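According to our numbering, the sequence shown is numbered sequentially starting from -14. Report on the following structure.
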Amino acid sequence: MRMRQGRGRTVRGILLGTYAVLILLAFAALATAFSLIHGNRVRSEVLNTLSQQAQSMAAAADREIDQMRTMAMNIIYSTSLQDRLYLRPGNSRGLSEEADKLYMILSLIVFPNRPIDQINLYTRDGVRVSTGLDNEVSADNAETKPWYDRLSGEETRQLLFFSGRDEKLSKYMTDSYGKEFVTLVMENYDNLGIPCGYIEIRQRVSRILSAMMSYRSAFGESVSFYDQEGKRIFPRDAEDRAAFTGAEKLGFPDRFTAVGDGNLLCCVPAGRGQFYAVMSIREADLFRSVQDQIVTILLITLGALVLTVLASGLVSRRITRPLADICDQVGQIELEHPEPLPAVDSDIREIQTLHTSFSRMQETLSGHVAKLLELQNQEMQSRMLALQAQMNPHFLFNSLQAIQAMADEGMDAEIAEMCQSMAGILRYISSDSAQLVPLEKEIRHTKDYLRCMEIRYQGDLACEVVLPPEMDPVPVPKLCVQLLAENAIKFTTTRRPPYRIRIEGAVSGDSYEMRIRDNGPGFDPETRAALTAQMEEIRRTATLPSLKIQGMGILHVYIRFFLLYGEGFVFRLENNPEGGACVVIGGEWHGQAV
């Protein structure tokens, strides 16, 4: 008997699983707490950072616009320019000497750094002096310009606006934003404070919005630059007023405010309110940094989990390896043939105590198993003897009934022959108490019995035994073949003669089978089902039913096979194709003799 091992979880697996679950739970708690506690703070910090970025970009645009204003003021307060503002265009061969001097003075103000792309100075005499990208003195009247009427309506007598693409100046630029300009127009005054013309200063968009154009989104935010009329200056890939319209409805908030579509925006004015830098961001993108940090924590946690699993594996190996050895030893214990358990390589006191306890338990169990096997053997012997005691009077009962029937018919010679066969049968039955006999001996006894039956039925019964010689030493339960033959005769003779009984067998490898056939009515479905159910119940519960003399036969033989072989035998009930019943018995046989 070998101890069976279950398929439960191992100690090492439990330790590793527990550590992994604890780390994952700790991570889940940390991520939840981080999201709840840190989320609002991160949101506020991100919005503050973005607001500062928007203000910084608007301030950079303001610096460029202020530089335009400064240049305009320098021109207005330049006395050397004011003295020469009243001039007329020269003749067709060139400019007048005064115009040349005015151009030179204006160029000295702009160059050499040239902080402004283009300066146009208009006089009341209809002369335009230009310096910057385009340098010339020509006849040009300010009243023909599109900004003239708008400037007249301004109290400050100055106008700042997005003038768009300048075809004349754009030929000097290559990038698209360098071809578009922001224009500042101011009225000019002479030394006496009398209006004497206009100053037009143009700066390309790429210079004013250089900080905005170089900005790289960090949280998925977008930034746009609009004039006060809602025309988008940057970016110029599409005419989109959505951000401006949303900001306008909210009164151009200087702090991030929800616009109702899952977006937040803030506005920073530039150019004294003539332009707006609008930054917008999706609410979901605000937590991208939190998500990135959670992912970082997750990666760190996974790394810690791997390291913990490896470390716990090394630590638990010291404990679980000896336990696994003990488990393997216990699983291989043979209680019938016990051997001392091998020593376990461990210096852990609890494991040593466990190993010692298992060794003592093995010795105790082995002793109990030996006693149990002895008691089981004695019980089987008692059952077999009780069964044998039932079978002897059963045979005598049937034989005496047959002799009585022959005596009534005056069959004296047959009675004498039958009595002689009965003497041999009784000698075989009472010869010894062995439970297993060679098949040759059992068949010789069965032939004596069949001869008695042939005498009784006076030629109506024919019996045939066809067995190979190699089956002679096969051990079989004593009287099993005779009882099955008797059972076959009993049911066959319920019909009209002739009666046929055939015993045949074969050996195949390490197993044998023997069939006892008859030409009777065969097994009806109810009887066959009832017998099969009783045999299965005996196999399942190992409980033997009470049998009477009239209950001998198939079930009795089955019980003898079960008591002697346990599970390792063949016992089937069949019906012959040509009619009649067939009982198949057999089992494994390795050539051993009784």
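Ideal Cβ positions, reconstructed from N, Cα and C, are used throughout, including at glycine. Small disclaimer: the values here were computed from a predicted structure and weren't measured.
How far does the alpha helix (DSSP H) with residue i in it reach, from first residue to last?
i: Q103; result: Counting along the chain, Q103 falls outside any alpha helix (DSSP H), though it belongs to the beta strand (DSSP E) covering Q103 to T108.
i: D433; result: L424 to Y442
i: D397; result: D397 to I414
i: E185; result: Per DSSP, E185 belongs to no alpha helix (DSSP H); it is in the beta strand (DSSP E), P180 to R189.
i: P510; result: P510 to T526
i: R135; result: Y133 to S137
i: K164; result: Here K164 belongs to no alpha helix (DSSP H), and DSSP marks it neither H nor E.
Between which residues of its own chain and residue i is the CB-CB distance below 6 Å, once the five residues before and five after are set aside?
i: V253; result: A39, Q40, A43 and A262
i: M158; result: K164
i: I50; result: G256
i: S207; result: S265
i: I488; result: V450 and I501
i: Y88; result: V114 and V122
i: C588; result: Here the chain comprises residues numbered -14 to 579, so residue 588 is not present and cannot be evaluated.
How is residue i classed by DSSP in three states: helix, strand or coil?
i: S202; result: coil
i: V459; result: coil
i: T242; result: strand
i: M171; result: strand
i: M264; result: strand
i: I279; result: helix
i: R78; result: Residue confidence is low: R78 scores 43 on pLDDT, short of 50, so the model does not pin down where it sits. No coordinate-derived value is stated.
i: M499; result: strand
i: Q535; result: Here the model assigns Q535 a pLDDT of 47, short of 50, so the residue's position is not dependable and the matter cannot be decided.
i: F554; result: strand
i: P307; result: helix
i: F237; result: coil
i: P562; result: coil
i: T159; result: coil
i: G288; result: helix
i: L421; result: strand
i: G258; result: coil
i: I570; result: strand
On the DSSP letters alone, give me the boundaries of the beta strand (DSSP E) that residue i sits inside.
i: G149; result: Q143 to R150
i: E449; result: L446 to V451
i: S209; result: S207 to D212
i: I590; result: What the structure shows of the chain is the stretch from -14 to 579, and residue 590 is not part of that stretch, so it cannot be assessed.
i: I488; result: Y484 to S493
i: E121; result: E121 to A124
i: N248; result: N248 to A255
i: T116; result: V112 to G117
Which same chain residues, not among the five before or five after residue i, have their C-beta less than 8 Å away from its C-beta?
i: L271; result: V27, R28, V31, L32, F204 and L249
i: Y484; result: Y442, D445, L446, A447, I474, T477, T478, D503, N504 and G505
i: R524; result: F547 and E552
i: I101; result: Q52, M53, M56, V95, G117, I186, R187 and Q188
Below 8 Å on the Cβ atoms is my guess for residue i versus residue j; work out the distance and round it to an integer in Å.
i: S65; j: I90; result: 5 Å
i: D433; j: I410; result: 5 Å
i: C181; j: R113; result: Not really, about 14 Å apart at Cβ, beyond 8 Å.
i: F260; j: D212; result: 6 Å
i: P423; j: P460; result: 7 Å
i: I282; j: L15; result: 6 Å
i: A124; j: G111; result: 6 Å
Is the beta carbon of residue i sitting closer than 8 Å to the one on residue j?
i: A491; j: T431; result: no
i: I414; j: V450; result: no
i: M580; j: L169; result: One cannot answer for residue 580 here, as it falls past the ends of the chain, which runs -14 to 579.
i: L516; j: I544; result: no
i: A196; j: A45; result: yes
i: R601; j: D151; result: Past the edges of the chain, shown from -14 to 579, lies residue 601, and the structure says nothing about it.
i: I61; j: I184; result: yes
i: G551; j: Y497; result: no
i: V568; j: V555; result: no
i: S36; j: R240; result: yes
i: F210; j: L235; result: no
i: L144; j: L136; result: yes
i: R513; j: L558; result: yes
i: I8; j: L350; result: no
i: F219; j: V190; result: yes
i: L435; j: I388; result: no
i: G288; j: R267; result: no
i: M171; j: R142; result: yes
i: V167; j: S148; result: yes
To which residues of the same chain is residue i closer than 7 Å at the C-beta, ignoring the five residues directly before and after it?
i: E402; result: I440
i: Q420; result: M369, P462, K463 and L549
i: E573; result: D495, S496 and G553
i: A243; result: L249
Does any residue of chain B have a CB that is nearer than 8 Å to the CB of residue i?
i: S65; result: Among the protein chains of the structure shown there is no chain B, as only one such chain exists.
Is any heavy atom of the ligand SAM found at a distance shorter than 7 Å from the C-beta of residue i?
i: G553; result: What this structure holds is no ligand at all, so the ligand SAM is not there to describe.
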